[in-house]
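Residue numbers (the UniProt record's numbering): 11 to 382.
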Ligand code: ATP
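Here it is as structure tokens:
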């Protein structure tokens, strides 16, 4: 198929047929992507899937093998890095160690002989809440503070798009969490397009309004964090974002918006949003926290799907929830996360149980989807 022509009326960042090959290896494969202006966009995927290469092409640090990059209708595919209104914050912030924080942030503006440098630096340091640190050297700041200096230094150039390549990768977990909230606040305040590259699904889900899941050089699925979580379109996305039970089944028949599926001899209903043919094999996906666990015959979630014959094979108490592994009659172990309300009954290893879930919580994935 011919890639659609860049649309001069689109005000965001648009990638069309973007491809990057290194010798015989295709790192980014015919990527089509629209990043809305002003969005906090996450490019999420496992190591080696092509995220950084994509980002480097947007930054102008890597020349595409083919395809185009347009920003607000303007073709920047081959523009020099410093000629495009794009700035990058890397995981290694590379601050100048001999300059203080104010001078670090001012550096680019001074070189361009900009006016009102001090006022602009002040404004940026306010934004990242480092006013009080202006006269310190980078080595006197914490990792999180240094990261915020790097952010201020990139934002002071007033880019239209800010690229963040695993910017929190060097921080410990607690600092990461607080920087995630901080980054989100700053993005909302400045209203610029942020494109955040990460392999951490929780980080992407926490911060971004739109997430594109990348796998082996292509976008598997794109949507809001909730859409991707509630309605993954492939087993890859289902497993990469949180945990899923995936149970093999055969489509029996469909009603308006539910299909009936034979799941190892048990009839269950699953919502559908695209065509399935009777007899198709597929996966029934159900998140562990959507499964209810009860005593045999208890029919907890009637008129939901009831799956008898389970036996508890493992119990882990993790504070907010109790996580069970339940061995099913067909040999598979399913994960069940039961909220600890204080009133919920705890089950122990070896106990027989019955699982149930409401049809709308499950999703159906075709085998064909994954065979691609
Ligand atoms: P990570 O999270 O580990 O950085 P990534 O998704 O960002 O991974 P990329 O850095 O984009 O992945 O790399 C994608 C693939 O392209 C990898 O298999 C990598 O080895 C390959 N690659 C990247 N740059 C080059 C290069 N200059 N020469 C050859 N192969 C490269």
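Each residue gets a CB set at the ideal place from its N, CA and C atoms; glycine is no exception.
Residue i burial status per 10 Å Cβ neighbour count (16 or more: buried)
i           : result
residue 164 : buried
residue 328 : exposed
residue 365 : buried
residue 107 : exposed
residue 254 : buried
residue 122 : exposed
residue 84  : exposed
residue 354 : exposed
residue 279 : buried
residue 191 : exposed
residue 195 : exposed
residue 184 : exposed
Boundaries of the alpha helix (DSSP H) in which residue i is found, first to last residue
i           : result
residue 188 : 183-200
residue 45  : Looking at the DSSP string, residue 45 is not in any alpha helix (DSSP H); the run it does join, the beta strand (DSSP E), is 35-45.
residue 65  : 61-69
Residue i, enclosing beta strand (DSSP E) - first and last residue
i          : result
residue 30 : 23-32
residue 52 : 50-54
Paired residues, beta bridge with residue i - DSSP
i           : result
residue 78  : 26
residue 167 : Per DSSP, none; premise fails for residue 167.
residue 374 : 294
residue 258 : 293
residue 84  : 81
residue 3   : Residue 3 cannot be examined here, being either before or after the span of the chain that is shown, 11 to 382.
**Message:** Could you check whether the segment 47-65 touches the segment 103-116, counting it as contact only if at least three pairs of C-beta atoms, one from each stretch, sit closer than 8 Å?
**Reply:** no
**Request:** For the segment 88-153, list the alpha helix (DSSP H) runs that are entirely contained and at least 4 residues long, ordered along the chain.
**Result:** 111-121, 127-137
**Item:** alpha helix (DSSP H) runs wholly inside the segment 208-251, at least 4 long, in chain order
**Value:** 211-217, 235-240, 245-250
**Prompt:** Can you give, in chain order, each stretch of the beta strand (DSSP E) that sits fully within the segment 260-303 and has at least 3 residues?
**Reply:** 268-273, 276-281, 291-296
**Prompt:** Could you give the uninterrupted runs of the beta strand (DSSP E) lying entirely in the segment 309-363, keeping only those of 3 residues or more?
**Reply:** 315-327, 331-337, 343-349
**Request:** Determine, using beta-carbon pairs with one atom in the segment 228-238 and one in the segment 256-265, whether at least three such pairs fall under 8 Å.
**Result:** no
**Message:** Would you call the segment 135-152 in contact with the segment 210-221, where contact means no fewer than 3 C-beta pairs closer than 8 Å?
**Reply:** no
**Item:** Segment contact flag, the segment 78-97 with the segment 241-257, C-beta cutoff 8 Å, min 3 pairs
**Value:** no
**Three-pair Cβ contact test at 8 Å for the segment 196-208 versus the segment 164-174** = yes
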